[in-house]
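Working notes, beginning with the structure itself.
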Amino acid sequence: MIKLGEYNKLKVKRKAEFGYFLDAETRNTKDDVLLHNRLLNKNHIEVGDEVEVFIYKDSEGRLSATMNYPKAQVGEIAYLKVVAHTKIGSFIDIGLPKDILVPFKAQKYEMTKGNRYLFYIYEDKTGRLAATTDIFPYLSVEAPYKVGDSVEGVVYGFQTNNSARICVDNKFDAVILKNEYFTELNIGDKLENLKVIKIYEDGRLGLTPRGERKVELDVLEVAIMNYMEGNDGFMRFNDKSTPEEIATVFNSSKKNFKRALGVLMKKGLIIQNEEGTFLK
């Protein structure tokens, strides 16, 4: 039985001027599946060959085959671009001749045309390929990673406390706690060099985008010095400044900011008072 939205192995039954017809094994030639010449992906095939093809429905609702494999199949999560907004929903590029629909009811958040987001691919009630942004039910908590590993992930939502919900490798559920990031994150952002800092009891990964403490402090020290050198040797920030101000200006936690100030004072490079911090 042919499976829509998946890879199928079918026999080449006959050749036409515009392509090949593949045997749907229904004993009815009307059901044979067209593999158009432009979708051969430079493969050379002959009548009688068994070929692996991806099955989708064309604009007229007919089963069609392609050897230009798409970016995802039914049952998978993929990072895909929104290419259009219409009256019935949005369309995304999955790498097929026909873009697939994300119905309004399957959109958990507002999407911007041209941006990429994570989508789960499924077959809808009409037998067509469709997608949803509601990927959480399909995420696994059985990731092969351990504490200390580096991973990549995509933001797919936020918890009520603003901790970022992350999908790792288009498969695994993870979270970045609010106190672990200091730059603005948006749904659809792709993040690299994330470090696993915890594995929760349910198997979900706890991540941080922050580097090793020494490296992070070295970078922060440079940022503080550059800021003051570009501001006549002064900044209004000191170890009494609010965490919000520090995060906004230096992308740092207040704890690390105070540590960096302490290091710079020990080096004899700065002094601070109630007004702020000064170069020596």
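Heads up: the sequence shown at position 69 corresponds to 93 in the numbering used here, and the numbers run straight through without jumps. All C-beta atoms in this analysis are idealised placements derived from N, C-alpha and C, irrespective of residue type, glycine included.
Those residues which DSSP pairs with Q296 across a bridge: T301
Contact under 8 Å by Cβ, G230 with V179: no
Those residues which DSSP pairs with H109 across a bridge: S114
For D197, the residue or residues it bridges with in DSSP: C191
Backbone secondary structure at M7 - three-state DSSP: A question about residue 7 goes unanswered here, because the residues of the chain that appear run from 25 up to 304.
Alpha-carbon to alpha-carbon, Y169 and K219: 10 Å
Limits of the unbroken alpha helix (DSSP H) element including L288: 278-290
V273 - containing alpha helix (DSSP H), residue span: 267-274
Rounded separation between D305 and M289 - CA only: Lying outside 25 to 304, the shown extent of the chain, residue 305 is not represented and no answer is given.
Own chain residues within Cβ distance below 6 Å of L201, not counting five before or after: S187
Continuous beta strand (DSSP E) stretch holding A155: start and end: 153-156
Host beta strand (DSSP E) of G230 (start-end): 229-232
Cα-Cα separation, I159 to M259: 45 Å
Straight-line Cα distance separating N297 from E166: 51 Å
Check whether I101 and Y31 have beta carbons under 8 Å apart: no
contact_flag[the segment 96-113, the segment 144-154] where n(CB pairs < 8 Å) is 3 or more: yes
Exposure of K39, with buried meaning 16 or more beta-carbon neighbours within 10 Å: exposed
Residues that DSSP places opposite N32 in a beta bridge: V77
Same chain, Cβ closer than 8 Å to A284, neighbours up to 5 away in sequence not counted: L241, L244, E245, I248, S276
Cβ contact (3+ pairs, closer than 8 Å) linking the segment 70-89 and the segment 112-122: yes
Length of the line joining the Cα atoms of Y133 and F302: 46 Å
Rounded straight-line distance, which links the Cα of V36 to that of V71: 5 Å
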